[in-house]
Every structure is written in structure tokens, then in C-alpha cells.
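Written out below as C-alpha cells is the structure these notes cover.
In the numbering used here, the protein residues as written are 24 to 167.
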């Protein structure tokens, strides 16, 4: 059992110390899911890093992380005001070894997706060129 809000708090605090981006976390005190805490830290570190790297140098970066739950699901959204994702690469985004960067292995989002799926979750994204991208992760809530 992992308190995903504590994970998000930890990742956003760490990131805030190492970036010029404004990072906003909106989450309740506690949302519990069945997952691996280390993997969750990796998932959100990767998504925040990608969000930060998508923001052009001439733009004040803003990354919002929003977590909430309903009776069936815990939803986490990571929203940036970066460049967005062009249509020609959308279908490759979760493919291993695909990258748009000059450094890195291109394994980040493939690993993120594998981890999310292994915890019975889903990951999707919405994007608008020059406006930004929102990654949405949905995990099943723990039934009491």
C-alpha cells in the first residue's frame, strides 16, 4: 500500500529545489493505491523531468501536479506549459528507445507505462502544440 500523495509531495519538493519552474501540487493528505513506492517515485520523477525539459527557454515554466479520487479510481495529472507533442511522434511516445532529446535512452516513458500498467493503472496524454501537455495516470482505489 502506497500513499501516492506522500510520493508526489516528496518528488515535487525535490524538484522545486532544482528548477526555475513553478511547481504546484494539489492533492489531499492521503490517497492509497497498491503499488511499489520506489517505482512510483521513478514514474513521477520521470514525468516531471520530461515536463521541465519540454518548456522553451524563453518561457516561465509552470508544472501542475493534481491528484484526486472518486469511489473507483485515483487520478494524477501532470500538466506543463511546454512545447506540446507533435502529431508525428504521438504514437511513438511510449515506445522503448524513442527519444526527442540529444541525451537519454528513450526508456523513460516506456518504463513509466510498464510500471503504471503493472499496478493495474492506465496512462494517457492530451497535448496542444505550444501550449503544453497533460499526462493522466489512473490507478484503482484500494477497496476497503
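Yeah, the Cβ is synthetic: ideal placement off N, Cα and C, and Gly gets one too.
It should be emphasised that the depicted structure is a prediction, and the values quoted were computed from it without experimental measurement.
Whole-angstrom C-beta distance between residue j and residue i, which should lie under 8 angstroms
| i | j | result |
| --- | --- | --- |
| residue 104 | residue 78 | 6 angstroms |
| residue 73 | residue 131 | 7 angstroms |
| residue 117 | residue 71 | Wrong, their Cβ atoms sit about 17 angstroms apart, outside the cutoff. |
| residue 135 | residue 46 | So it is not a contact: roughly 18 angstroms between Cβ atoms. |
Distance CB(residue i)-CB(residue j) smaller than 8 angstroms
| i | j | result |
| --- | --- | --- |
| residue 150 | residue 84 | no |
| residue 157 | residue 100 | yes |
| residue 162 | residue 142 | yes |
| residue 164 | residue 95 | yes |
| residue 60 | residue 86 | no |
| residue 98 | residue 159 | yes |
| residue 88 | residue 48 | yes |
| residue 42 | residue 80 | no |
| residue 25 | residue 50 | no |
| residue 40 | residue 138 | no |
Bridge partners - residue i, DSSP secondary structure assignment
| i | result |
| --- | --- |
| residue 25 | 56 |
| residue 47 | 87 |
| residue 165 | For residue 165, which the question treats as bridged, DSSP gives no partner whatsoever. |
| residue 148 | 158 |
Quiz prompt | Cβ contact check for the stretch 25 to 35 and the stretch 44 to 58: 3 or more pairs under 8 angstroms | solution = yes
Quiz item: What are the complete alpha helix (DSSP H) segments, minimum 4 residues, inside the stretch 57 to 128?
Solution: 60 to 76, 110 to 113
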